[in-house]
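Take a look at the structure set out below.
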Amino acid sequence: MKRALFEGGTIMKKLLIIKTGSSDQHVINKCGDCDVRIAQCIGIPYDDVRVISVYENAVPILPDDIAGIIITGSPSMVTDLEPWGVATAQWLKQVVKKNIPVLGICFGHQLLAHTFGGSVDYHEQGEEKGEVEIHLTEDGKKDPLLGVLPARFSAYSSHFQTVTKIPPDTVILAENDFETTHALRYKENVWGVQFHPECVGDVFCNTIEHRTYGKALLRRFYDLAVTAQNDEKTMRWHNS
Numbered sequence: 001m002k003r004a005l006f007e008g009g010t011i012m013k014k015l016l017i018i019k020t021g022s023s024d025q026h027v028i029n030k031c032g033d034c035d036v037r038i039a040q041c042i043g044i045p046y047d048d049v050r051v052i053s054v055y056e057n058a059v060p061i062l063p064d065d066i067a068g069i070i071i072t073g074s075p076s077m078v079t080d081l082e083p084w085g086v087a088t089a090q091w092l093k094q095v096v097k098k099n100i101p102v103l104g105i106c107f108g109h110q111l112l113a114h115t116f117g118g119s120v121d122y123h124e125q126g127e128e129k130g131e132v133e134i135h136l137t138e139d140g141k142k143d144p145l146l147g148v149l150p151a152r153f154s155a156y157s158s159h160f161q162t163v164t165k166i167p168p169d170t171v172i173l174a175e176n177d178f179e180t181t182h183a184l185r186y187k188e189n190v191w192g193v194q195f196h197p198e199c200v201g202d203v204f205c206n207t208i209e210h211r212t213y214g215k216a217l218l219r220r221f222y223d224l225a226v227t228a229q230n231d232e233k234t235m236r237w238h239n240s
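Position one of the sequence shown corresponds to residue 1 (full-length UniProt numbering), numbered consecutively onward.
Below is the structure:
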């Protein structure tokens, strides 16, 4: 499903992917790297995406034509941030002031928690890996992003570390018996998910339902970002 590049006679803003790591080569060979899969799940051409590979020491910037930001997963650990991770966290503190929708995935989710004053550490039960069942909290059911999912849903998860202490004013949106912070809302339009909505190919051995839920979540985030962009345009028009 391709999205229009033009709306109301103006060029639509793009999605910015902050790439914090790369998938294993066998995954890339079968279904593409994480940035490619994110675009495919949303249903937009890859040309509508800007990618900054901060893990390769690319400097994070915020171009003017960005509607929303997704921070990917990574083999790196938040407890042992490299200089690029420290720089990205500092950059995020400035970005959220601009009220741009942000979604962190796995490492990106944990980096947001770290950025906003939470704590991250190794999970006391070890690794959570594979297809898992997750349920929404009551807040999650009412959330504009997570609320697109059913009360119970399956997702692919692969992580050793976890958010052990949530930042102030953060809302828990989804959890399971293993992971109590599978989805968090950090700010009004800043979310993090511990699971991987972009992991939807055969290589991940997941079900049709799982793929549907991952795509639905990423498409919903994109739609919220575009809506926020249009609301900003309307506000500027009324104030002009």
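Heads up, the beta-carbon is just placed ideally off N, CA and C, and yes, glycines get one too.
Beta-bridge pairing of residue i - partner residues as DSSP gives them
i	result
residue 122	161
residue 156	131, 196
Collapsed DSSP secondary structure at residue i in the structure displayed
i	result
residue 13	coil
residue 182	coil
residue 136	strand
residue 166	coil
residue 224	helix
residue 214	helix
residue 18	strand
residue 78	helix
Beta-carbon contacts of residue i that lie in its chain and below 6 angstroms, excluding the five residues immediately before and after
i	result
residue 257	Residue 257 is absent from the model: the chain starts at 1 and stops at 240.
Within 8 angstroms, strictly: CB atoms of residue i and residue j
i	j	result
residue 67	residue 225	yes
residue 71	residue 117	no
residue 73	residue 44	no
residue 125	residue 178	yes
residue 123	residue 156	no
residue 265	residue 92	Because the chain here runs from 1 to 240, residue 265 falls outside it and cannot be looked at.
residue 13	residue 49	no
residue 152	residue 170	no
residue 154	residue 129	no
residue 17	residue 38	yes
Beta-carbon contacts of residue i that lie in its chain and below 8 angstroms, excluding the five residues immediately before and after
i	result
residue 89	81, 111, 114, 115
residue 176	132, 133, 134, 135, 182
residue 121	79, 161, 162, 164
Span of the alpha helix (DSSP H) around residue i
i	result
residue 148	Taken as a continuous stretch (DSSP letters only), residue 148 belongs to no alpha helix (DSSP H), as it is neither H nor E.
residue 92	83-95
residue 28	25-31
residue 112	107-115
residue 42	34-42
Range of the contiguous beta strand (DSSP E) that encloses residue i
i	result
residue 171	171-175
residue 58	Element bounds for residue 58: n/a, residue is neither H nor E.
residue 69	66-71
residue 200	It is not in any beta strand (DSSP E) - residue 200 carries neither H nor E in the DSSP assignment.
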